[in-house]
Amino acid sequence: MDMDSLLFGATFATALVFGLLLYLFSSKSYANLPPGPPRKLFSTLGSQGVGSTKPLWQRFDDLHHLYGPVVSTFQGKTVVIVLGTIKAATDLLEKRGRIYSSRPRNIMAGEILSGGMRGLGMPYGSRWRNWRSLMHAGMSIEASQNYKALQSIESKILLHDLINEPLQMAYRSHFTRFAASIAFCIGYGRRIRSLDDPLVVANSKVDECATQGKYIVESWPILLKLPRFMQWFRWDPEAQRKTETALFTSLMDDVRDQIKRGVAKPSIAKRGLEKQADFGLSDLETAYACSAPFTAGVTTTISVIDVFFLAMLHHPGIMRKAQVELDSVVGSSRMPDFEDAGSLPYIQAIIKESMRWRPIAPLAVPHNLIADDTYNSMYLPKDSTVVANLYSMSLDPEEFHRPDQFIPERYLEEGPHSNFYFGFGRRICPGMHIAQNSLLIILSRILWAFTISPVKDKNGRDVLPPVDSFEGGLVARPAPFVYGLTPRNEDIRALILEEWAKADEEGSSWL
2 MDMDSLLFGA
12 TFATALVFGL
22 LLYLFSSKSY
32 ANLPPGPPRK
42 LFSTLGSQGV
52 GSTKPLWQRF
62 DDLHHLYGPV
72 VSTFQGKTVV
82 IVLGTIKAAT
92 DLLEKRGRIY
102 SSRPRNIMAG
112 EILSGGMRGL
122 GMPYGSRWRN
132 WRSLMHAGMS
142 IEASQNYKAL
152 QSIESKILLH
162 DLINEPLQMA
172 YRSHFTRFAA
182 SIAFCIGYGR
192 RIRSLDDPLV
202 VANSKVDECA
212 TQGKYIVESW
222 PILLKLPRFM
232 QWFRWDPEAQ
242 RKTETALFTS
252 LMDDVRDQIK
262 RGVAKPSIAK
272 RGLEKQADFG
282 LSDLETAYAC
292 SAPFTAGVTT
302 TISVIDVFFL
312 AMLHHPGIMR
322 KAQVELDSVV
332 GSSRMPDFED
342 AGSLPYIQAI
352 IKESMRWRPI
362 APLAVPHNLI
372 ADDTYNSMYL
382 PKDSTVVANL
392 YSMSLDPEEF
402 HRPDQFIPER
412 YLEEGPHSNF
422 YFGFGRRICP
432 GMHIAQNSLL
442 IILSRILWAF
452 TISPVKDKNG
462 RDVLPPVDSF
472 EGGLVARPAP
482 FVYGLTPRNE
492 DIRALILEEW
502 AKADEEGSSW
512 L
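For the sequence shown, my numbering gives the first residue as 2, with consecutive numbering after it.
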């Protein structure tokens, strides 16, 4: 190696070290922040004074118990404001949504993996508003009516698959196919028959990449100053981005061709292409927008279903009470349907309680504060990351009597019933109406069709899964567990087989 090369290497290394030190020690000091643990160099979110082995939402909950409903901590140089009550989140994220509706920078998922085209992580601005307009057009209360027939078809196919599945551990794969097919139809107007579909495979890493703080470049963005060929963290996500871009564009082009031939089914892609100029989205932006129901909706739906089964295993009396309601309204000669919703208040209460009892997005998606603010005399600085701690909100005794207990009856009482588990303000989940419809049709039919029972150990004793063992990133799900599904009677079994044959034929038009 010649002297010039050595000199260049030494100069580059010196500049990098100097940049890192400047980055570390250029932090601002703030007065009158919300209370929180003492700040430390190299501090990690919520690490001060609480157990580091706990998931982050529980560590934040510990901070709420120590410091109150609004706490502050740091992630590197960034102030993190954590909101632990529905009231605080409503006051800030909804009533002051103009300055709380942006997103923190997410280098891996937001920039490298998707080029800033995934609406979930987009900063607030015209591009996001265009994306949101398309999502509203495709998934509003009115638009969600277009998918009820499909949701009914898919649920009948699911019941058939479950009744014919010999392996209890394989049940979850059938629920995953159900949710994926619904999401695929909403995005592109056609079903999927298998989890081997390219769209399923291509999106398998999105939730992992969306978890902020997981990748070193999120905490050390100065690494982006390295020569591009040295940015090793880019290699895999950029390869995935090329694959996804080609897939999303191809799927959108298929819908464009169907529109020309007059055979396109209702979907976000159909709406987006027919009025593309009105939405103000380019072809590539539209292609990414059409993938949103899949990338955001499948894991969340499956996780809620997992929580439902967890609750039923631990509360068989609640399951039997729900079945009494179903038997009185529906009987065994037909399946429950959407038209029965108003006559099934206990079923609806179970679904709401499942989402409240164990929120499957316990920290939601962080917001970004775009202007200085004050709240109850506390200073909230511009560029803070604002986290809605849904986990703590679900355990707030001021909102929910005996919050640690699974009590559907709380939703049969008069009074305000928050849908906090869908988020807040302008960033509330755009697919919430379709999600509620999917959960209503499938969980009501599961309770109508099956007795849900725990598996037995070698001594014949029930094996119940733990209620607090969760895993995952942005979306948390109960640790894997198995359970039994037994048809409640032979009339129900026969009806499932009969309805499946009709549903399979009807569903073929969506393939």
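Heads up, the beta-carbon is just placed ideally off N, CA and C, and yes, glycines get one too.
All of these numbers come straight from a predicted model, not from anything done at the bench.
Residue 343 counts as exposed, since fewer than 16 other beta carbons sit within 10 angstroms of its beta carbon. Checking the DSSP bridge columns, you'll see residue 387 partnered with 82, 368. Note: residue 478 is bridge-paired with 472 in the DSSP secondary-structure output. The Cβ neighbour count for residue 231, taken over all protein chains shown within 10 Å, is under 16; the residue is labelled exposed. Note on residue 241: 16 or more other CB atoms within 10 angstroms of its CB, so buried under the neighbour-count rule. Annotation: the stretch 308-363 contains no complete segment of the beta strand (DSSP E) (minimum length 3 residues). Residue burial annotation: residue 165 is exposed, with fewer than 16 other C-beta atoms found within 10 angstroms of its C-beta.
The three-state secondary structure of residue 231, taken from DSSP, is helix. Straight-line spacing of the CA atoms in residue 248 and residue 505 works out to 27 Å. Secondary-structure assignment with DSSP links residue 374 through a beta bridge to 381. The continuous alpha helix (DSSP H) containing residue 273 extends over residues 269-275. DSSP places residue 164 within a helical segment (H, G or I) once states are collapsed to three.
If you draw a straight line from the Cα of residue 441 to the Cα of residue 423, it comes to about 16 Å. Short of 6 Å from the beta carbon of residue 316, and not among the five residues preceding or following it, lie these beta carbons of its own chain, in chain order: 407. With fewer than 16 other CB atoms across the displayed protein chains lying within 10 angstroms of its CB, residue 334 is exposed. Cα atoms of residue 494 and residue 361: separation of roughly 32 Å, rounded to the nearest angstrom.
In the DSSP annotation of this structure, residue 73 is not part of any alpha helix (DSSP H); the continuous beta strand (DSSP E) holding it starts and ends at 71-76. By the beta-carbon neighbour count (other beta carbons within 10 angstroms, threshold 16), residue 73 is buried. Boundaries for residue 264: no beta strand (DSSP E) harbours it, and the DSSP string shows neither H nor E there.
The beta carbon of residue 31 sits closer than 8 Å to the beta carbons of 80, 380, 382 from its chain, once the five residues preceding and following it are set aside; these are given in chain order. Counting every other CB atom within 10 Å of its CB across the protein chains shown gives residue 358 a total of 16 or more, marking it as buried.
Burial check for residue 445: the Cβ neighbour count within 10 Å reaches 16 or more, so the residue is buried.
Excluding residues up to 5 positions away in sequence, 189 lie with their Cβ nearer than 8 Å to the Cβ of residue 255 in the same chain. Checking the DSSP bridge columns, you'll see residue 254 has no partner listed. Here residue 244 is exposed, its C-beta having fewer than 16 other C-beta atoms within 10 Å. Your pair residue 468 and residue 311 checks out as a contact, with CB atoms roughly 6 Å apart and the cut at 8 Å. Among the bridge pairs identified by DSSP, residue 457 is matched with 463.
DSSP, read as helix, strand or coil, puts residue 451 in strand.
Short of 6 Å from the beta carbon of residue 298, and not among the five residues preceding or following it, lie these beta carbons of its own chain, in chain order: 184, 432. Contact between the stretch 263-277 and the stretch 98-110 is not established, with fewer than three Cβ pairs separated by less than 8 Å. Under the DSSP assignment, residue 64 falls outside any beta strand (DSSP E), being part of the alpha helix (DSSP H) whose first and last residues are 57-68.
Counting only residues of its own chain and dropping the five nearest sequence neighbours on each side, residue 191 has a CB closer than 7 Å to the CB of 185, 266, 511, 512.
Residues 455, 456, 457, 458 of the same chain have their beta carbon placed closer than 7 Å to that of residue 464, with the five preceding and five following residues left out of the count. Separation of residue 354 and residue 76 (C-alpha to C-alpha, rounded to the nearest whole angstrom) is 33 Å. When DSSP reads this structure, residue 484 sits in a beta bridge with 455. For residue 103, the secondary structure class from DSSP, reduced to helix, strand or coil, is strand.
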